[in-house]
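Notes for the one structure printed next.
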Amino acid sequence: MGPKVRSRRPFPKLQDVSYDSDGLDAELAGLGIEMIAPNRRNRWKTQDGRPLRRYRRRWKVERTIAWLQSFRRVRTQDEVKAQNFLGMVQLACIIILLRLISG
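Residue numbers (this note's numbering): 59 to 161.
Structure (C-alpha cells):
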C-alpha cells in the first residue's frame, strides 16, 4: 500500500492592506488562491466583508507567535528532535498562560 496523497488545495491568503491590488488578485485567482485583504481607502471595488472575519482574528495569532518568540529555545530552534522542540513550545505556552492567569 502506497503513501496517502493529500489534495493540494491552496489555503486562502490573509494579507495586509498593502497587498490590495487587482493585478495580484487576478494572479492569485489564476493559481486558485483566494486573497483576503482589507481594501485601501481610495478603492472603488469593495468586498462584502465575510472573508475579512478571518483577518480580524489574525492579530491574535501574530501576538501569540511574538510571545513565543520571547523564549530563546523556541526562537532559535536549537533542538534536533521535533519532539523536544514541541515540548519547548508547549512549555512556553504553559508559562504564557500562567502569566496571563496570575495577572
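Even for Gly, the Cβ is constructed at its ideal location relative to N, Cα and C. All values reported here derive from a predicted model rather than from experimental measurement.
*Nearest-angstrom Cα separation, counted from Trp125 out to Gln73*: One Cα belongs to Gln73, the other to Trp125, and the distance between them is close to 21 Å.
*Look up Ile94 in the DSSP assignment and give the residues it is bridged to.*
Paired residue(s): Leu72.
*So what's Gln127 in DSSP terms, helix, strand or just coil?*
Looking at Gln127 - three-state DSSP - the assignment turns out to be coil, as it is neither helix nor strand.
_Spatial distance of Glu137 from Gln127 (CA atoms)_ = Cα to Cα, Glu137 sits roughly 15 Å from Gln127.
*Assigned secondary structure, Val147 (DSSP; H/G/I helix, E/B strand, else coil)*: For Val147, the three-state secondary structure derived from DSSP is helix.
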